[in-house]
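If you're matching positions, the sequence shown starts at 15 in our numbering and goes up one per residue.
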Amino acid sequence: MDVRSLFLRAVETWPDHEAIATEDVRLTFAQAWERGLRLANVLREHGVEPGDRVAVLEDNSLGAADFYLACTAANIVRVPLYARNSTEAHVHMITNTDCKVVVVAEHYAGELPADLAELPGVARVLVRDETYEDLLAAASPVDPAPRVSADDIYVIRHTAGTTGRSKGVAYTHRTWLAYCRDWMYQFPPVQVGDTNMCASPISHGSGYFFTPTWIGGGRNYMLNKVDPPVTLEIMERERTSYMWCVPTLLGMLARVPGASDRDWSSIKGFLVAGAPVSETTARAGRKAFGDVLYSGYGQTECYPITSITPQEWFADLPGSQPLRSAGRPYAFAMVRIVDPATGEDVAPGGEGEIVAQTDGQLLEYWKDPAATEEKLRDGWVHTGDIGRIDENGFLYLLDRASDMIISGGFNIYPAELENAIASHPEIIEVAVFAVPHETWGEAPAAVCTVTDQALVTAEEIIELCRRKLGSYKKPAEVVITADPLPKSAVGKILRRELREPYWAGRSQRVSGS
């Protein structure tokens with residue numbers, strides 16, 4: 015089974031139903047597909063053949079939907095670039111995947127080097143400017159009707175690259191469909207007329223919902239910019255059924271005054287994923303939108319590993335703390351906790367590296383066999399995350415193995431402290447990381463973003479951690495700030511940028527006692 019066949023079936027089944035919407039334009043399945051065919055033929059005129067890679071740098075827009083559909087129609091491999099990435103990162107992703115053409119929204123053209131078209135293999139840079147509509151109008155609407163196999167590459171997504179150069183993760187049509195299907199397995203099914211609000215870029219997590227929404231006869235609303243009060247108005251007006259949202263977005267929307275007073279009867283489910291979710295944000299989201307929040311855990315290389323429904327997430331279950339968990343192993347995933355050194359399973363309830371298998375996991379890193387061998391062993395994806403599974407099957411993420419703090423011989427995981435600190439009602443976001451300590455070798459420090467610095471003190475946060483987690487885990491230093499924390503192109507907090515000043519002048523980023 016391939017994506018193109020399912021997309022085309024939707025066009026033939028619901029040609030006159032609305033499929034794509036923006037603030038300015040509304041298109042039926044037939045109209046949207048025709049725009050995709052026209053763009054596909056523009057790309058083919060520039061020498062792009064089935065299986066060739068084409069990179070794109072854009073926000074959500076009508077043009078973004080065109081590109082998604084064009085690549086699907088012509089069996090072209092979509093390579094999303096990430097806004098806010100460095101120019102160097104863009105070039106790496108383009109050259110790493112041997113992209114033949116680069117499509118870029120006009121306002122992002124300055125992020126790419128002027129000599130981009132001179133890079134090996136790049137035949138054309140297509141800037142989506144004021145000439146774009148004329149370009150489509152002049153192009154052929156004839157379906158190129160390529161031969162498609164379920165094992166053809168459909169998309170190459172790159173890892174976030176917070177600890178080095180990002181790696182390309184290739185999905186075939188088969189694995190992409192499994193990936194998207196599995197995310198929505200526990201949700202009420204998509205029906206004709208349902209609206210998926212693409213609030214985060216479809217180059218990221220939101221793109222996983224675009225496919226099942228189209229296939230099910232729903233409508234993808236392309237939200238170009240998130241302004242929380244305006245976004246809530248649009249969500250209510252458009253009768254939003256589904257939305258993929260990172261925790262930061264959920265928190266922003268839930269904090270808008272009167273958010274809970276709106277009509278949210280259309281919501282079937284919001285997926286909160288992409289980063290750890292604090293208890294405070296989860297509860298605020300539930301208060302604003304109701305029992306419609308789902309969550310899950312995974313990586314670009316392996317999704318979903320766990321999932322959790324609204325009924326489980328906020329349940330009171332002896333022996334477990336579902337709200338602090340990442341859910342239970344997903345119905346069609348296998349999950350183990352292993353000793354990072356030996357690869358052997360740890361005792362039940364023990365801490366170790368999370369390894370998993372899913373139908374949508376990576377087959378390999380693009381042109382990187384060494385990294386593939388390290389990540390994928392005997393069919394198991396080694397996440398590099400440390401966790402444990404409790405007696406009821408809930409998985410708790412303790413942290414990245416590389417971020418673990420060793421203080422006086424004790425292992426401390428930043429995420430555990432971050433969850434405790436985030437329970438304070440004044441904390442908007444928090445990052446915990448290791449800093450040098452004369453007595454203990456290293457110790458945790460925390461940087462907390464708040465709206466009003468007068469409402470919380472460092473001493474209060476330290477006492478909160480001591481009370482919740484024990485004295486040895488409390489941070490040695492707490493910084494209270496009104497500034498947002500630094501984030502990667504995909505919205506993940508960059509602990510390393512906060513940590514670096516503390517370790518300046520040292521040859522190692524670890525310290526012994």
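All C-beta atoms, glycine included, are put in the ideal place defined by N, C-alpha and C.
Given residue i as reference, the closest of the options once Cα atoms are compared
i: T262; options: D129, P498, L331; result: P498
i: R402; options: P515, Q335, Q467; result: Q335
i: R92; options: A340, V244, V183; result: V183
i: E144; options: A119, E125, L133, A436; result: A119
i: E244; options: G398, R276, S339; result: Just to set this straight, residue 244 is Val in the shown sequence, not Glu. Taking only the C-alpha atoms, the option nearest V244 is R276.
i: E530; options: M266, P450, S292, D16; result: In the structure as shown, the chain starts at 15 and stops at 527, and residue 530 therefore has no counterpart that could be examined.
i: A213; options: E37, P202, G304; result: E37
i: G534; options: F328, A192, L133, L412; result: In this structure the chain extends from 15 to 527, so residue 534 is not present and cannot be described.
i: Q325; options: I351, A296, M348, H104; result: A296
i: I216; options: L149, H187, P203, S75; result: S75
i: M266; options: I248, G299, V492, N234; result: G299
i: A459; options: I426, E378, A355; result: I426
i: I442; options: C462, H451, A448; result: C462
i: T173; options: D30, E32, H104; result: H104
i: A87; options: P383, L71, A159; result: A159
i: R195; options: Y317, D30, D165; result: Y317
i: G272; options: Y222, A287, L246, V204; result: L246
Boundaries of the alpha helix (DSSP H) in which residue i is found, first to last residue
i: N193; result: Reading the sequence as shown, one finds Tyr at residue 193 and not Asn. Residues 187 to 197.
i: Q45; result: 43 to 59
i: L150; result: 146 to 152
i: R179; result: Here R179 belongs to no alpha helix (DSSP H), and DSSP marks it neither H nor E.
i: V39; result: Careful: V39 lies outside any alpha helix (DSSP H) and carries neither H nor E.
i: R18; result: 17 to 27
Assigned exposure category for residue i - 16 Cβ within 10 Å defines buried
i: H309; result: Residue identity differs from the one stated: residue 309 is Ser in this sequence, not His. Result: buried.
i: I34; result: buried
i: K301; result: exposed
i: K381; result: exposed
i: K239; result: exposed
i: A152; result: exposed
i: I507; result: buried
i: H218; result: buried
i: H187; result: buried
i: T177; result: Note that T177 scores a pLDDT of 42, beneath 50, so its modelled location is shaky and nothing firm can be said.
i: R171; result: buried
i: V349; result: buried
i: L469; result: exposed
i: P489; result: buried
i: M211; result: buried
i: S485; result: exposed
i: H60; result: exposed
i: S100; result: exposed
i: E367; result: buried
i: T465; result: exposed
i: S339; result: buried
i: D399; result: buried
i: D16; result: buried
i: G65; result: exposed
Range covered by the beta strand (DSSP E) that runs through residue i
i: L431; result: Segment 428 to 436 is the alpha helix (DSSP H) holding L431; no beta strand (DSSP E) there.
i: A298; result: Element bounds for A298: not the beta strand (DSSP E) but the alpha helix (DSSP H), 293 to 303.
i: G265; result: Segment 261 to 268 is the alpha helix (DSSP H) holding G265; no beta strand (DSSP E) there.
i: F408; result: Segment: none, F408 is in no beta strand (DSSP E) and carries neither H nor E.
i: V529; result: Limits of the chain in this structure are 15 at one end and 527 at the other, which puts residue 529 out of reach.
i: T320; result: 316 to 322
i: H172; result: 167 to 172
i: Q200; result: No beta strand (DSSP E) contains Q200, which DSSP labels as neither H nor E.
i: S309; result: 307 to 313
i: R138; result: 138 to 142
i: S163; result: Per DSSP, S163 belongs to no beta strand (DSSP E) and is neither H nor E.
i: G283; result: 283 to 286
i: S421; result: 419 to 421
Cβ distance (whole Å) where residue i is taken to contact residue j below 8 Å
i: I494; j: A472; result: 6 Å
i: G407; j: P343; result: 7 Å
i: P155; j: R52; result: 6 Å
i: T189; j: L377; result: 7 Å
i: A79; j: M249; result: Rounded, the Cβ-Cβ distance is 18 Å, inconsistent with contact.
i: I531; j: I420; result: Residue 531 falls outside the range modelled here, since the chain spans only 15 to 527, and no answer is possible.
i: Y11; j: F201; result: With the chain represented from 15 up to 527, any question about residue 11 goes unanswered, as that position is not in the structure.
i: L140; j: V169; result: Between V169 and L140 the Cβ distance is about 18 Å, and since that is not below 8 Å, they are no contact.
i: R67; j: D112; result: 6 Å
i: G231; j: T27; result: 7 Å
i: I319; j: A347; result: 5 Å
In chain order, each beta strand (DSSP E) run of at least 3 residues that lies wholly inside the stretch 325 to 400
If we require 3 residues or more, the beta strand (DSSP E) runs fully inside the stretch 325 to 400 come out as 348 to 352, 366 to 371.
Scan the stretch 443 to 511 and note each continuous beta strand (DSSP E) run of 3 residues or more that stays entirely inside, going in chain order.
Fully contained in the stretch 443 to 511 are the following beta strand (DSSP E) runs of length 3 or more, in chain order: 455 to 464, 491 to 495.
Could I get the ranges of all uninterrupted beta strand (DSSP E) runs contained in the stretch 47 to 127, with 3 residues as the minimum, in chain order?
67 to 71, 91 to 94, 115 to 119
What are the complete beta strand (DSSP E) segments, minimum 3 residues, inside the stretch 209 to 243?
Fully contained in the stretch 209 to 243 are the following beta strand (DSSP E) runs of length 3 or more, in chain order: 209 to 212, 233 to 236.
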